[in-house]
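J.: With the UniProt record's numbering applied, the sequence shown corresponds to residues 1 to 192, in that order. Cβ coordinates follow ideal geometry from the N, Cα and C atoms, glycine included.
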Amino acid sequence: MSSHSDQPDLLAVGRYLAAILRHKKISDNIGLKHDAQGWMSIADIIEKSTANRKAPPLSVEIIDLAVQHCDKQRYAISPDRCHIRAKQGHSFPVDLGLKAEIPPVVLYHGTVDRFFSSIMREGLTPQKRQHVHLSHEKETALNVGGRRKGEVIILEIDAKAMLANGHVFHLSENGVWLTEAVPSQYINPAKR
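1. Less than 6 Å between C-beta atoms, sequence neighbours within five positions excluded: which residues of the same chain meet that for Q37?
2. Looking only at C-alpha atoms, which of K160, G175, M162 sits nearest to S135?
3. For the putative contact between residue 193 and R129, defined by C-beta atoms under 8 Å, what is the C-beta separation to the nearest angstrom?
4. Could you name the residues that DSSP lists as bridge partners for D28?
5. Mind checking who P189 pairs with in its DSSP beta bridge?
6. Run through the DSSP bridge pairs and tell me what A76 is partnered with.
7. Who are the near neighbours of L10 in its chain, counting only those whose CB is closer than 7 Å to its CB and skipping five residues on each side?
8. Taking the alpha carbon of L155 as the point to measure from, which residue in H109, Q7, D35, A18 has its own alpha carbon closest?
9. Could you check the C-alpha separation between W39 and G150 for me, to the nearest Å?
10. Measuring alpha carbon to alpha carbon, tell me which residue in R74, V60, R15, I84 is nearest D35.
11. Do I119 and F169 have their C-beta atoms within less than 9 Å of each other?
12. Please state whether the Cβ-Cβ distance between L98 and S172 is less than 9 Å.
13. Could you have a look at T125 and say whether DSSP puts it in helix, strand or coil?
Here you go:
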């Protein structure tokens, strides 16, 4: 690639990969299939995406670049380099093969002020995902919450008490802590 304008838009590629790898309805609409573990053929992605006017231009090299440059390390490429999947965030059931893990004593979740009162009443639910996503660092929670409009609030999750009461945690390949839900009694606003 000879000039800056020839460079692929890796942000657009990343958004496209997130959509097709995490959301079955979107991938089904363009004829892409996941296996039970969420893997999808890279060759199929390139072939089907070439025919899709909304898709960014793709090649094996561009997908590799997008995966390497994803600051959140959202994607995994299979050892044979023929398949790709999202590491978490699926809106359909996927067996990621994650084992139960013991989390840090405290985990964090970033949100914004308009959701705070309902979270404190109802707890954290996965919404359209399979799991609630938590981090072990306040800074990561702040960045996640900052993607939404409104004043960012960092929630402190009493993971030690949750674990003691039978809640199960998993750690994704890219360091995101996953659990089915966080009841409100385990949530407090974090001090900044």
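T.: So, to answer that:
1. D95
2. G175
3. The question about residue 193 has no answer, for the chain in this structure spans 1 to 192.
4. Note: D28 sits in no beta bridge, so no partner.
5. L155
6. R85, per the DSSP bridge assignment.
7. L65, A66, H69
8. H109
9. Each residue's alpha carbon lies about 35 Å from the other.
10. I84
11. no
12. In this structure, S172 lies closer than 9 Å to L98 by Cβ.
13. coil
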